[in-house]
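What follows is a single structure, written as structure tokens, with notes after it.
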Amino acid sequence: MKYSGLKNYGTAILAGFEYLLDNDPNVFVIGQGLWSPWYVGNTMTDLDKNYGVERIIDTPVSESASTGAAVGASLAGMKPIVVHPRIDFMLYAMDAVVNQAAKWSHMIGGQAHPGVTIRAIINRGGEQGAQHSQSLHAWFAHIPGLRVVMPATVEDARDLLIASVLSPDPVIYIDDRWLYEQEAVLGEVVELDLSLEGPKVLRRGRDLTIVASGNSTRLALLAREALRAENIEVEVVDLRVLNPFDPSVCITSVEKTGRLLVLDGGWATCGMASEVISSVVESIDSSFLKARPKKVTLPAAPAPTSRVLEAAYYPTLDEIILCARSIFD
Amino acid sequence: MNDLNNDQKLKLFANPKLFQDNFVLDGYMANDLIEMLTSMIKIRKAEQTLAEHRRLGDIGGPVHLGVGQEAIAVGCSASLMATDRVFGAHRSHAHLLALGAPVEPLFAEVLGRESGYSKGMGGSMHLWNQGVGFFGSVPIVAGTVALAVGAGLAAKLQKKADVAVAYLGDGAIEEGVVHESLNLARIQDIPVIFVLENNLFASHMHLSLRQPMRSTTRFAEANDIPSEIVDGNNIVEVESTMRRMVDQARKGGGPSFLEAITYRWYGHVDWRDDIDVGVNRSLEDVADWRLRDPIGRLKRSLIQQQVWSEEENDALFDAVDNEINAAWASAESAPFPDASALLDRVYTNGAV
């Protein structure tokens, strides 16, 4: 029951950590703020006390070296989890992620694999502004060699963390503090093979496919409920694994519904929403499409601080519903 | 020398008109020295072969050669074991070969062949042979320094007496991640030796144009890490200093920092001497540094001690020549990777 039962998204992540630390002595965690709930909410409570500060390493203010060290440790047989309490600060670590971890296996002929998991937290809102707000999943999804995971459900928060760490490849696991209050009753842990995981239909529907990931999936589910009252049956596809990206579930869904709306918490240009739409449009027979696909993303601007601008910045449920309705016009 | 500080030593070591003398070989077995001499000659011949074939156009990609710097890799490797964790950079042929790795897979790798150290996927700048303790080299300056710290951290967590080695250059010390890595290594007491090969140049730029002319050990001191500066073309000084640092790390003594002053006879990349594009680089300097040749100095020292002779030395050169030529011929006839390697090696479960 330690890892199962009633959990919220945050404690589900904690359960994932506990499962990994209990079952694999090679797992250790490294990053900033790991000894303080201030940085990581309820997702890592007391790990340092229960597993020791040798395995739960709160580091100097050194994103670059800490991430690089985790990559190096993974090459030496360990299963490190790096934690970046804000994805914005992780930009200091780009060389370790993009040049080293992502390419290592390929560059040396597949003879060694940096099986490192990099947990990056999206932490925004509350007038925090441009450098405390970003959702950079599309950046990482652009890079061959990285697996990019974005859990939207409580179950995935736990099981995809475990799958990420069990994967021999480098994984970027992105969780979103706007999801931490979601609750669910979880069954026993299922050890998933991340290479077999991908987008999933969360709810069935016949009229419109909404594809989303992370917090956008939460919004998609809310939009589905609202549109139901208008007799629009929405199918919700949660991307879950953004790279390597397998669009087949999205394609199959749109072949059924004929309509596609993509929600994404990132920017539009070269973003995940565009990737989904192009993948579907390239693959589907145009006779299936009953309307042009649409997307709802962030406006092409950094996140503002002023509450008035901030309210205008993040897509609301109402805007999403309006956009969904417009597909039927 | 002993009463000079590290900054004063740097200025002396950086003057190629000094330190052309023989070594004191006290405390060394002749066989060990001859083994190191052999290794240096093999590395030099291998790199000169690469230089020549690059010039001829037989090699498609860039090769960063360390001819003249062999004593550092060979001296440092003498106290390492196959279970240690060595990371290199863009100029790392010697770091790999000095661990006892054969030459032919290096040639095959540079030629992009499946039998190469990285199965033909990496070329000169991405080398790997974990079997001898070589965890990898990459051309992003300072890209592996933090990785070495992590591999050392792993040794500590695994409760093994293995050490990590981060080879870096005098350019790499200017990268921010190195300073983070030094601090992280110190605060976690990680068994890692930072070996800074100071060849006085970062691509075209002389050290004096990039930093105050002070020893880079100042950065180790700033991070509370023990450090030493040595004549990098004196193999016994490199060997004995590195051995002390490795022994200390194996016993749980944490990180150390070794700065070894040297010079590359060729330019930054390929076979040219780069007099035209190097800033503060002259033919006179190159000629002087050739007189501080680590191979020539060890050879003369051994002959002076009467444990080696010109005839034996000539025979060794001939034998190495034959070995290297055979390795090149064999590598040239090795097959290329299959086209499927392009996608199959991105993720561990194969193509997606």
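Listed in order, the protein sequences are those of chains Y and L. Residues in the first sequence are numbered consecutively from 6, following our numbering. Residues in the second sequence are numbered consecutively from 130, following our numbering. Note that beta-carbon positions come from the ideal geometry of N, C-alpha and C, so glycine has one too.
Backbone CA spacing between residue i and residue j [nearest angstrom]
i      : j      : result
F22/Y  : Q133/Y : 28 Å
L228/L : S283/Y : 50 Å
P90/Y  : H142/Y : 15 Å
P298/Y : T214/Y : 10 Å
H147/Y : N248/Y : 8 Å
V481/L : L276/L : Any answer about V481/L is weak, because its pLDDT of 38 lies below 50 and its placement is not dependable; what the coordinates show is given next. Going from the Cα of V481/L to the Cα of L276/L covers about 28 Å.
G217/L : A295/L : 6 Å
V415/L : A389/L : 18 Å
V31/Y  : D150/L : First, the amino acid is wrong: residue 31/Y is Asn here, not Val. The straight-line gap from Cα to Cα measures roughly 50 Å.
K448/L : L162/L : The question names Lys, but residue 448/L in the sequence shown is Ala. Distance between the alpha carbons of A448/L and L162/L: 18 Å.
V195/Y : L325/L : 47 Å
G245/L : V192/L : 15 Å
L184/Y : R214/L : 41 Å
D360/L : M250/L : 35 Å
E260/Y : G114/Y : 39 Å
E357/L : Y56/Y  : 38 Å
N352/L : D318/L : 12 Å
N362/L : T273/L : 24 Å
A20/Y  : L265/Y : 35 Å
D180/Y : I126/Y : 5 Å
N410/Y : G46/Y  : In the structure displayed, chain Y extends from 6 to 334; residue 410/Y sits before or after that span and is not available.
N134/L : N327/L : 17 Å
Anticipated Cβ contact below 8 Å, residue i with residue j, distance rounded
i      : j      : result
I354/L : F386/L : 5 Å
R163/Y : A74/Y  : Not quite, the Cβ-Cβ distance comes to about 26 Å (not below 8 Å), so this is no contact.
T302/Y : G276/Y : 6 Å
G281/L : V321/L : 4 Å
L165/Y : Y178/Y : 7 Å
G1/Y   : L191/Y : One cannot answer for residue 1/Y here, as it falls past the ends of chain Y, which runs 6 to 334.
V307/L : A301/L : 6 Å
A460/L : F148/L : About 36 Å separates the two Cβ atoms, so there is no contact after all.
K84/Y  : G36/Y  : Contact flag wrong, Cβ pair sits at about 15 Å.
T122/Y : V176/Y : 5 Å
V154/Y : Q187/Y : The pair is not a contact, with the Cβ atoms about 17 Å apart (cut-off 8 Å).
C255/Y : V285/Y : 5 Å
V196/L : R393/L : 7 Å
Neighbourhood of residue i by C-beta, 7 Å cutoff - its chain only, sequence neighbours within 5 removed
i      : result
V261/L : A211, L228, G229, A230
Y24/Y  : Y8, I167, V194
E68/Y  : H89, F94, M95, Y97, A98
Sequence-distant residues of the same chain with beta carbon closer than 6 Å to residue i, five excluded per side
i      : result
N409/L : H335
R233/Y : none
R60/Y  : F33
N128/Y : R91, R182
K300/Y : V267, A278
F142/L : D360, I390
M99/Y  : none
A458/L : none
S110/Y : H118
W400/L : A180, R183, R184
A341/Y : Residue coverage of chain Y in this structure runs from 6 to 334, which leaves residue 341/Y outside it and unanswerable.
Chain-order list of residues whose beta-carbon lies under 8 Å from that of residue i (same chain, five-residue window excluded)
i      : result
E5/Y   : Here chain Y covers residues 6 to 334 and nothing more, so residue 5/Y does not appear.
Y318/Y : L303, P304, A306, A308, P309
R208/Y : L226, R229, V239, E240, V241
* To do: Could you list the residues in the stretch 75-99 of chain Y with a C-beta less than 7 Å from some C-beta on chain L, going in chain order?
  => A75, V76, G77, A78, L80, A81, G82, M83
* Asked: Using 8 Å as the threshold, is the stretch 181-195 of chain L in touch with the stretch 144-156 of chain L, meaning 3 or more CB pairs across them?
  -> Short answer: they don't touch.
* Below 8 Å, can you find three or more Cβ-Cβ pairs linking the stretch 168-180 of chain Y to the stretch 307-325 of chain Y? -> no
* To do: For the stretch 99-117 of chain Y, enumerate the residues whose C-beta is nearer than 8 Å to any C-beta of chain L, in chain order.
  => D100, A101, N104, Q105, W109, S110, H111, M112, I113, G114, G115, Q116, A117
* Asked: At a cut of 8 Å, does the stretch 438-454 of chain L reach the stretch 217-224 of chain L through at least three beta carbon pairs?
  -> With a cut-off of 8 Å, the stretch 217-224 of chain L and the stretch 438-454 of chain L do not count as touching, because too few Cβ pairs lie within range.
* To do: Check distances from the C-beta atoms of the stretch 249-272 of chain Y to those of chain L and list, in chain order, the residues that come in under 7 Å.
  => P249
* To do: Report yes or no: do three or more beta-carbon pairs, one from the stretch 284-296 of chain Y and one from the stretch 199-210 of chain Y, lie closer than 8 Å?
  => no
* To do: Assess, as a yes-or-no matter, whether the stretch 420-431 of chain L is touched by the stretch 166-176 of chain L under the definition of 3 or more beta carbon pairs within less than 8 Å.
  => yes
* **Three-pair Cβ contact test at 8 Å for the stretch 430-446 of chain L versus the stretch 161-171 of chain L** => yes
* Contact residues within the stretch 51-75 of chain Y, judged by C-beta distance below 9 Å to chain L -> E59, R60, I62, T64, P65, V66, S67, E68, S69, A70, S71, T72, G73, A74, A75
* Asked: What residues from the stretch 148-169 of chain Y come within 7 Å of chain L, judged by C-beta to C-beta, listed N to C?
  -> P149, G150
* Scan the stretch 183-204 of chain Y for residues whose Cβ lies nearer than 7 Å to a Cβ of chain L and list them as they occur along the chain. => Within the stretch 183-204 of chain Y, the qualifying residues are S200.
* Asked: Between the stretch 346-377 of chain L and chain Y, which residues of the former have CB atoms less than 9 Å from a CB of the latter, in chain order?
  -> none
* In chain order, what residues of the stretch 449-478 of chain L put their CB closer than 8 Å to some CB of chain Y? -> P466, A470, D473, R474, V475, Y476, T477, N478
* To do: Could you tell me whether the stretch 364-375 of chain L touches the stretch 329-344 of chain L, where touching means 3 or more Cβ pairs closer than 8 Å?
  => no
* To do: Please name the residues in the stretch 183-214 of chain L whose beta-carbon is closer than 7 Å to at least one beta-carbon of chain Y, in chain order.
  => Under the 7 Å Cβ criterion, the stretch 183-214 of chain L contributes R214.
* Answer yes if the stretch 256-274 of chain L comes into contact with the stretch 38-50 of chain Y, meaning at least three C-beta pairs across the two stretches below 8 Å, and no otherwise. => no
* Just by C-beta distance, which residues in the stretch 22-43 of chain Y are closer than 7 Å to chain L? -> F33
* Could you name the residues of the stretch 296-313 of chain L whose beta carbon sits closer than 8 Å to any beta carbon of chain Y, in the order they occur along the chain? => G305, V306, E309, S310, N312, L313
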